[in-house]
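Each protein sequence line maps, in turn, to chains A and B.
Residue numbers are given in our numbering: position 348 of the first sequence equals residue 348, and the series is strictly consecutive.
Residue numbers are given in our numbering: position 125 of the second sequence equals residue 719, and the series is strictly consecutive.
Where is the CB? At the ideal position from N, CA and C, for every residue including glycine.
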Amino acid sequence: MRFGRISQAVGVAAAAALALSACAGTSGGSTSSTAAAGGQQGGSVAVAETNGFSSFNPGTADGNSDVNGHIGYATHSSFIYIDDKLNIVRNEKFGKYEKVSDNPLTVKYTVNEGVKWSDGTQVSAADLLLSWASGSGYYDDADAEAKTGTTYFKTAADTSGLNLTDFPELGSDGRSLTLKYSKPYADWELAYSFPGNGGVDIPAHVVAKQAGLKDTQALVDLLKGLKRGDSKAPKPEDASLKAVADFWSTGFESKTLPSDPSLYLSNGPYIIKSVVPEQSVTLVRNKDYNWGPSPKLDEIVVRTIGAAPAQVQALKNGEVDIINPQASADTVEQLKALTGVNLLLGNQLSYDHLDLNFSGPLAEKNVREAFLKTVPRKDIVDKIIKKIDPQAKPLDSQIFVPAQAAYADSAAKNGSSMYQDVDVDGAKKLLNGATPEIRIMYNKDNPNRVDAYSLIRESATKAGFKIVDGGLGKADWSSSLGDGSYDATIFGWINSGVGVSGTPQIFKTGGGSNYNGFSDADADKAMDELIVTTDKAKQDELQTKIDATIWKSAYGVPLFQSPDVKASSDQISGVTAMPNQTGVWWNVWDWSRK
Amino acid sequence: MVTYIVRRLVTAALILLGASFLVYLLTASSGDPLADLRASNAPNKQQLMNARTELLDLDTPAPIRYFKWLAGAAQCLVPFAGTCDLGKSVSGQPITEALGIALVQTLTLVTGATILAILIGISLGIVTALRQYSALDYGVTFMAFLFFSLPIFWVAVLLKEYGAIGFNDFLRNPEIPLPTALGVGAVAGLLVAVAVGGELRRRLITGGAVFAAVTLILIYFSATQWFKTPGLGPVVIAVAGAGIAVAVTVLVAGLRNRRALQSSLIVVALGVIAYFAVQPLLDQATALMIALLGLATVLVGVAVGYFMGGYDRGQSMRVAGITAFLVGGLVVMDRFMQAWPSYFSNSRVRGRPIATIGAGTPNIEGDFWVLGTDTFTHLILPTIALILVSLASYTRFTRSSMLEIMNMDYIRTARAKGLSERSVIMGHAFRNALIPIATIVAFDIGALIGGAVITESVFSVRGMGFLFLDGITHIDPNPVMGVFVCVAVTAMVFNLIADLAYSALDPRVRIKA
């Protein structure tokens, strides 16, 4: 009996062991180090991003976030890219574009042979055409007021430029496309620019297939067959185009890596390898890529870290190599305390400014000028920005930022020198005993704006102004812009960095963001000329002129550029400061491990 | 009973409807979703505003939008239809998908912490209740309230600074200088001397022993570079196992039950033998295999208890089963430690194993043990942070509940009839003391799904709390509603379960339909 029990136990144990080894993992006992995968000549770098990745098409209105744009930038190439001096750099290895004619403005784009999507398909004229169709709003006939018609492609790009073109002419080689503009367009070079802004991001053959079309040619034929949309005479929506546009707009949205690899094709230096939702995205080198600056790293891991202190600690712990946290004095202090870290202090393209309404108590130029004379621009910079960037200076141009070549010249000549220092006596003289009441509106939930307001109030009161606090909460201030409930306001604009279409948006009579009622015939004329000027030097000249006109009319004053804080481990080289939204990623191919 | 449940469910549904309507309106009217675009100087501002207006359906007044949302949400009630529609977020992501991702992140973060906090909290509560007004009681109370009052973001940042960055620096060259070893040993000895009860002599002896043991262990660790190649080995498993066997016997059966003690010791011996036997099998482990092995271990323990018999067979089986499980845990722990060097030298880890962010090293490759270690190194700090702040409520609740029970008449009766102190505490007091705890545990599970917002943000985990906050900041009601529905439903269901459990646990409570 005893023996029986034991033998039964042994039998059961043996059976159990067998069953268990059946469910054992296939990997061997000794864990092979993955050094071979990560330790090749290129190496791997981890970059922190504030937001989670959400779309493989950064050009859509929904997918147009900074992280999607950065990953799109690393996985796509185009005819141009923007460097850290905000110059347009041509990438002739990708393809060429040339201005065939100035009148009418005609530009021919040709993609080089051998430039391929990561599934091996040649980047073709059809891809350029799809990019044009999405970035031009050519087919849209929606009227937002009347709620009629259709907006097909939900693009984040500004469609006003490409909308000036006729249906493009496709070259016989299948790789070229010619755009003819109905009138000259100043920012024509940015038409096929970078990912998320009309770059060649989305493969036409994939969209054609996913939208139920037979092949790429069917897509081209579909686009060719449809007429320009007219919002005054909206037509019933075209089902095939709607399917194409809907897939373009939403089909590439995904927080995870789709099982169908055609949904995340690359035509740039890197390919997306894996995505862990809300945590990380891994990019690996595109082996075929030879149509642009050659990348050094084999792998880039993008990690999602929202809070700035968490980014700093992750850098300190070696979990990430490059960070771009929200700029604050605390962050800079923490970063300065770290060893083995390169701190990159720079400026963003956004800047705070004081705008005066051309109405109410400030309708008179003398009063405006007197008010501006009291604005302590240097004190504001000292108090708000110097604790982050000790080198910071007030911004001296309404149109340029110091990163642009034209800034120095324009700042010297535009009359900003009048407003360098507070001149209470000068202001009193201009006011001639008057004590106008000025209501200043600002976002009182933004400590920087509160500080700027307090400093301005203190100084302006000395000159006799009666300052009324018109600060509003963060949810309300922006909707009261331009409603006449205030006389002056402090808020921020974002300089576009490259291109000139931003200028009339703010400064032209009736411009979409012209809230203070600025109107100047000379400036309007110069801006009308500006937006049809295709020559960069001429553009700079006109913008310099406009800048001076704005300053002369005592429009308001720019205060300071928002500081930008980036930091990288000293094991990494090639990371530089960059003011625009591409950030450190602009020269991703130069990054390398030491 | 059934009527009671149905009535509760109907009330719950009505509350949910009313509350969701309120939350929707509050979120929708908490600001202007177009605020950032209004102040923009982008040339295509109007186009972007139109796109967002269309996406969020802003032309429809919020109360009507709520009913549109409700119509989509109601489809979630249809099982297996896959028509669940909770709307889209401002970045175009379907809320159902976002919730799925966030829920996984949150649960990974808080499940372990909550279970550990409950176990540790209840144990500490009982111990402090039994030693009321002792140095230990005051010490635990002080620490519990200290951690309870500390802001968690601060605790978490300090943990990252010292627990991750500092510890990783230490691991580069894990040598403990002699003064440090002596100092740590002295502190440990002092703490134990204060905590342990009894007369001065006993305290001195215990404290001295702990001081010597801790110091020697630290010197040993330093000399052998234990932190680089950690492990327990069969000897430690045998010694620790024997300790566990005695402790479990004391708690569950009492040392007088010799059969129980013997069976648990036999189980420890079997465990040490199994330690050698299963190593090759463990090298190819999968999660399923570990679970099956765990089950088998417990079954073996129970079987040993059964065959040892004794006057109370059930007690022996329990003791042996629990001991087997714990010794099995030691073996698994040892195997994880064996994987440490290969984890440490993994190129993805770069020699800095304890992480400050996320739930895992991206792209890490390795076997079950390396991946398990990876999860451990990522979760340990947030888990500690969450335990520290949630310990107080469990400890204090259990303590007061236990004290109340210990003063009951039936406890006096139990003592008067000559029961051992062990059976009085474990058999009569402890179980009844647990009844009120059931309520707060059920309550906490609702809060658990709601997410630990601050901990999530410090450790860069994008769970439910992040989803909620992000929705609020973008004045986007859909994610807020998604989180709200999840949390509300869990809270209500668990409250119902708590009420039902109450009647099952406490014979004095009867549900009247």
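Sequence-distant residues of the same chain with beta carbon closer than 8 Å to residue i, five excluded per side
{"i": "Gly4/A", "result": "With a pLDDT of 48 at Gly4/A, under the threshold of 50, the modelled position of this residue cannot be trusted, and the question is left open."}
{"i": "Val367/A", "result": "Pro361, Leu430, Leu431, Ala434, Pro436"}
{"i": "Ala551/B", "result": "Here chain B comprises residues numbered 595 to 1107, so residue 551/B is not present and cannot be evaluated."}
{"i": "Gly29/A", "result": "Caution applies to Gly29/A, whose pLDDT of 35 falls short of 50 and renders its modelled position unreliable; the value that the coordinates give is listed next. Around Gly29/A: no qualifying Cβ."}
{"i": "Phe518/A", "result": "Phe358, Phe507, Thr509, Ile550, Ser553, Tyr555"}
{"i": "Thr605/B", "result": "none"}
{"i": "Ala337/A", "result": "none"}
Contacts around residue i, its chain only, beta-carbon distance under 7 Å, and the 5 residues preceding and following it disregarded
{"i": "Gly801/B", "result": "Gly783, Leu784, Val786, Ala787"}
{"i": "His1068/B", "result": "Pro627, Val684"}
{"i": "Ile838/B", "result": "Thr917, Leu920, Val921"}
{"i": "Gly499/A", "result": "Asp187, Leu190"}
{"i": "Glu369/A", "result": "Leu430, Ala554"}
{"i": "Asp571/A", "result": "The sequence shown places Gln at residue 571/A, not Asp. Cβ within range, chain order: Asp321, Arg593, Lys594."}
{"i": "Ala36/A", "result": "Bear in mind that the predicted position of Ala36/A carries a pLDDT of just 34, short of 50, making it unreliable; the figure below should be weighed with that in mind. Here the set comprises nothing."}
Closer than 9 Å to chain A by CB, residue i
{"i": "Arg601/B", "result": "no"}
{"i": "Glu793/B", "result": "no"}
{"i": "Val1052/B", "result": "yes"}
{"i": "Arg659/B", "result": "no"}
Beta carbon proximity, residue i to chain B, threshold 9 Å
{"i": "Ala157/A", "result": "yes"}
{"i": "Asp230/A", "result": "no"}
{"i": "Glu278/A", "result": "yes"}
{"i": "Leu481/A", "result": "yes"}
{"i": "Gly502/A", "result": "yes"}
{"i": "Thr282/A", "result": "yes"}
{"i": "Gly38/A", "result": "Residue placement at Gly38/A is flagged as unreliable, the pLDDT there being 35, under the threshold of 50; a coordinate-derived value is accordingly withheld."}
Cβ-based neighbour list, residue i, same chain, cut-off 6 Å, excluding 5 preceding and 5 following
{"i": "Leu710/B", "result": "Ile981"}
{"i": "Tyr1096/B", "result": "Val1103"}
{"i": "Ala211/A", "result": "Ala243, Val244, Phe247"}
{"i": "Val1077/B", "result": "Met1058, Leu1061, Phe1062"}
{"i": "Cys678/B", "result": "Gln669, Cys670, Thr690"}
Supposed contact pair residue j and residue i - C-beta distance, whole angstroms, cut 8 Å
{"i": "Ser266/A", "j": "Thr75/A", "result": "4 Å"}
{"i": "Thr950/B", "j": "Lys754/B", "result": "4 Å"}
{"i": "Gln909/B", "j": "Ala836/B", "result": "That belief does not hold up - the Cβ atoms of Gln909/B and Ala836/B are roughly 19 Å apart, past 8 Å."}
Per-residue contacts from residue i into chain B (C-beta, under 9 Å)
{"i": "Ile202/A", "result": "Those do not exist, as Ile202/A stays about 16 Å from chain B at its closest Cβ, beyond 9 Å."}
{"i": "Gln217/A", "result": "Here the premise fails: no neighbours, minimum Cβ distance about 30 Å."}
{"i": "Phe491/A", "result": "Ala633"}
{"i": "Arg439/A", "result": "The contacting residues do not exist; Arg439/A stays about 18 Å from chain B at best."}
Cross-chain neighbours of residue i in chain A, by beta carbon under 8 Å
{"i": "Arg944/B", "result": "Gly318"}
{"i": "Ala626/B", "result": "What sits at residue 626/B in the sequence shown is Asp, not Ala. Correct list: Ala475, Asp476, Ser478, Ser479."}
{"i": "Lys662/B", "result": "Residues of chain A passing the Cβ test: none, with the nearest at roughly 17 Å."}
{"i": "Ala949/B", "result": "Asn317, Glu319"}
Closer than 7 Å at the beta carbon, the chain A residues around residue i
{"i": "Val1115/B", "result": "As shown, chain B starts at 595 and ends at 1107. That puts residue 1115/B outside it, with no answer to give."}
{"i": "Ile695/B", "result": "Lys255, Pro277, Glu278"}
{"i": "Gln856/B", "result": "Correct list: empty, because the minimum Cβ distance to chain A is about 18 Å."}
{"i": "Leu810/B", "result": "The premise fails here: Leu810/B is roughly 32 Å from chain A at the closest Cβ pair, so nothing lies under 7 Å."}
{"i": "Asn762/B", "result": "Asn317"}
Listed by chain order, chain B residues near residue i by CB distance under 8 Å
{"i": "Pro579/A", "result": "Near Pro579/A there are no residues of chain B at all, since even the closest Cβ is about 16 Å away, more than 8 Å."}
Where residue i meets chain A, residues with beta-carbon distance less than 9 Å
{"i": "Val769/B", "result": "First, the residue type needs correcting, since residue 769/B is Glu and not Val in the sequence shown. Result: empty, since nearest Cβ-Cβ is about 21 Å, beyond 9 Å."}
{"i": "Val751/B", "result": "Pro309, Ala310, Gln313"}
{"i": "Ile539/B", "result": "One cannot answer for residue 539/B here, as it falls past the ends of chain B, which runs 595 to 1107."}
{"i": "Ile1043/B", "result": "Residues of chain A passing the Cβ test: none, with the nearest at roughly 17 Å."}
Closer than 7 Å at the beta carbon, the chain B residues around residue i
{"i": "Ser54/A", "result": "Ser685, Gln687"}
{"i": "Gly306/A", "result": "Ser1051, Ser1054"}
{"i": "Lys85/A", "result": "Result: empty, since nearest Cβ-Cβ is about 22 Å, beyond 7 Å."}
Runs of alpha helix (DSSP H) wholly within the stretch 198 to 257 of chain A (minimum 4 residues, chain order): 204 to 210, 216 to 225, 239 to 250
Starting from the N-terminal side, write out each stretch of the alpha helix (DSSP H) that is 4 residues or longer and does not extend beyond the stretch 955 to 1023 of chain B. 962 to 1000, 1003 to 1010
Inside the stretch 408 to 486 of chain A only - beta strand (DSSP E) runs reaching at least 3 residues: 437 to 442, 466 to 469
Which runs of the alpha helix (DSSP H), 4 residues or longer, sit entirely within the stretch 642 to 672 of chain B? 656 to 668
List in chain order: all unbroken beta strand (DSSP E) runs of 3+ residues lying wholly within the stretch 671 to 716 of chain B. none
Which whole runs of the beta strand (DSSP E) in the stretch 243 to 326 of chain A are 3 residues long or more, in chain order? 270 to 276, 280 to 285, 299 to 304
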